[in-house]
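In the numbering used here, the protein residues as written are 161 to 247.
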């Protein structure tokens, strides 16, 4: 079984989700999409590195399209994992 490793502020960001949204997270996708009464939420993760599932970014969507800064942050964290440097 793989462990879950949160990268950067992703754990704190996920903890900030409303309780209903946090309870809806499930396995099997790279982007988990959650919607509740307060809005739309996303969790971006990767499970193809070693023994861990790395949560790259967790955020609330404010617009129809995912903000470039959110995609850039997830990409930056993915590069950190690829290079073996986690923070």
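Every residue, glycine too, gets a C-beta built ideally from N, C-alpha and C.
Identify the residues that DSSP records as bridge partners of residue 219: which are they?
Answer is 202.
So, is residue 234 buried or exposed, given that buried needs 16 or more other C-beta atoms within 10 angstroms?
Its Cβ being crowded by 16 or more others within 10 Å, residue 234 is buried.
For residue 234, name the three-state secondary structure that DSSP assigns.
Reduced to three states, the DSSP call for residue 234 is helix.
Where do the ends of the alpha helix (DSSP H) carrying residue 175 lie?
Residues 170 to 175.
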